[in-house]
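Numbering (our numbering), first residue to last: 19 to 152. Think of the CB as a built atom: it goes at the ideal place given N, C-alpha and C, for glycine as much as any other residue. Because the structure is a prediction, the values reported are computed rather than measured.
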Amino acid sequence: MKAGMMAGVMAIALLQSGCVVHHQIQPEVAGQLVDSTGKPVQGAQLTLVSSGESVQTRSDGDGRFTFPAAYKWTFFVPIGPVDWYFRSALHMSANGKDYETDLGGAFGGPHALEGRKFNVTCTLPDKPGEVSCL
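Structure follows, in structure tokens:
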């Protein structure tokens, strides 16, 4: 039984070698949602999706929204000089129409986004589809 337990421990160690677990804080994303004429869009539901996790909020009377740095991602980081790729998508639902945009992505180390804040202004097109966020 002792040999079986030792074999199990060795197998786990070999399978996990070269990787460590890292918790990444979601960076703050804040912005304003406007229509194609530049008027604020209030009450829109916004969903930020990053690495499979998602969080929701609604735009206020001025079309402003914020996703605070409030939750963590968990992922495995290989030991060595390997970077990871961050990508976020923003889904919006306003006036019975659905919109989406890619907030972008970047290569970086596991601490690249800690403490960062993204400020965007998103303009809804006249027809559902891709939103422009600058």
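| Item | Value |
| --- | --- |
| Leu121 to Gly79 span [Cα, whole Å] | 23 Å |
| Simplified DSSP state of Ala87, which is helix, strand or coil | coil |
| Anticipated Cβ contact below 8 Å, Ala62 with Met110, distance rounded | 6 Å |
| Of the residues Cys151, Thr141, Lys145 and Thr84, the one placed nearest Asp53, counting alpha carbons only | Thr141 |
| Cβ pair Glu118, Phe85 closer than 8 Å | no |
| Ser106 at chain D interface by Cβ criterion, 8 Å | Of the protein chains in this structure there is only one, and it is not chain D. |
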